[in-house]
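Residue numbers (our numbering): 8 to 304. In this text, a Cβ means the ideal position worked out from N, Cα and C, and glycines have one as well. Only a predicted model underlies this, so the values are computations on that prediction, with no experimental measurement involved. A quick write-up on the structure given underneath.
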Amino acid sequence: MITRDKVYSSNVRQFENILQDHFESEYACTISNVSSGILGTFFALGLTHSEIITTPFTWPGALTALMMLNNSIIFADIEEPTLTLNPETLHQYITPKTKAVFSADFFGFPCRLDKIREVCDANDIFLIHDAAGSICSQYKNKFSGYFSHISLFSFGRNKPFSTGEGGCLITENKELFNQIGNFIFHPERLDIQLSNANTYFFNTSMNPLAIEYGLKTFDSQMADIENKRKTLQTILGKTYLMDIYSKEINPNLHRLFLPFKKYKKLNLIWYSLPSNMILVKNDKYDLLLSKYKMARL
Numbered sequence: 008m009i010t011r012d013k014v015y016s017s018n019v020r021q022f023e024n025i026l027q028d029h030f031e032s033e034y035a036c037t038i039s040n041v042s043s044g045i046l047g048t049f050f051a052l053g054l055t056h057s058e059i060i061t062t063p064f065t066w067p068g069a070l071t072a073l074m075m076l077n078n079s080i081i082f083a084d085i086e087e088p089t090l091t092l093n094p095e096t097l098h099q100y101i102t103p104k105t106k107a108v109f110s111a112d113f114f115g116f117p118c119r120l121d122k123i124r125e126v127c128d129a130n131d132i133f134l135i136h137d138a139a140g141s142i143c144s145q146y147k148n149k150f151s152g153y154f155s156h157i158s159l160f161s162f163g164r165n166k167p168f169s170t171g172e173g174g175c176l177i178t179e180n181k182e183l184f185n186q187i188g189n190f191i192f193h194p195e196r197l198d199i200q201l202s203n204a205n206t207y208f209f210n211t212s213m214n215p216l217a218i219e220y221g222l223k224t225f226d227s228q229m230a231d232i233e234n235k236r237k238t239l240q241t242i243l244g245k246t247y248l249m250d251i252y253s254k255e256i257n258p259n260l261h262r263l264f265l266p267f268k269k270y271k272k273l274n275l276i277w278y279s280l281p282s283n284m285i286l287v288k289n290d291k292y293d294l295l296l297s298k299y300k301m302a303r304l
């Protein structure tokens, strides 16, 4: 048998231990990027040819994996001011074919994920959370994504914590972690025999140079994120944050957008409604386009 310490980089183990401590999570693994993590997670959990409920206000690339797996994407309502999934109306979109909710934060502003989880648990479906840009964001004094079954964070070049490329998958569920890991981990990480190293898998290993950079800069980048947040909180104050902040929501403020109700015309958000491929097939598109006056990009 191959031992992980000898075969798989000790730097990976060290970096993942740091991530476990940061997220106060039992299980964490590095991934090459969130896109591959989404694809691997959905496939490993058998989420193919199913109905997946998600937000129409997200990075369209995050939905590509769902489409590759022949899922039907159902767009649910979003709520102000965070522009994330509305848990109060989520149940209206669940059918016997629904297998998961794929939630997403917006610009680091967290969802009301505990309420969304309650709906998912009541209907026995997965809650997978895209927290790509939400490292250091908090909801109810927990890291964003804490209340989901699976959360994915990005370390891409434009993210709050960056290693150039990469990311991580976080969960509290050992069974789910192993189920996903058996598909996305390199065989060397699975303690299997060399003769079986050609087993079927989808390798999402993070680049070792990116991991090395993450190890060397983790503490300093975390400090920079917190300093930036405190500075912006001081500068912006109530004039900017009064419509968004609450005692429950504490975004990392890596990206800013104007409170939607007051500044609709100035709210030039680079996210697009993912209309070109599938949203046009959904009745919610016209409703959202009318309500929020968002142009197709």
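Using a Cβ distance threshold of 8 Å, residue 132 and residue 38 do not count as a contacting pair. Out of 91, 23, 216, the CA that lies nearest to the CA of residue 170 is found in 216. Of all alpha-carbon atoms in 263, 235, 243, 218, the one lying nearest the alpha-carbon of residue 17 is that of 218. The Cβ atoms of residue 62 and residue 85 sit closer than 8 Å to each other. Following the DSSP letters along the chain, one finds residue 48 inside the alpha helix (DSSP H) bounded by residues 41-51. The residue among 135, 154, 167, 99 with its C-alpha nearest the C-alpha of residue 114 is 167. Beta-bridge partners of residue 163 (DSSP): 171. Residue 68 places its beta carbon 8 Å or farther from that of residue 112.
Exclusion of the five residues before and after residue 21 leaves 222 as the residues of its chain whose Cβ lies within less than 8 Å of its Cβ.
With a cutoff of 8 Å on beta-carbon distance, residue 159 and residue 176 are scored as near each other. Annotated three-state conformation of residue 111 is strand, per DSSP. Between the region 90-101 and the region 117-127 there are three or more inter-stretch CB-CB distances shorter than 8 Å, so the stretches are counted as touching.
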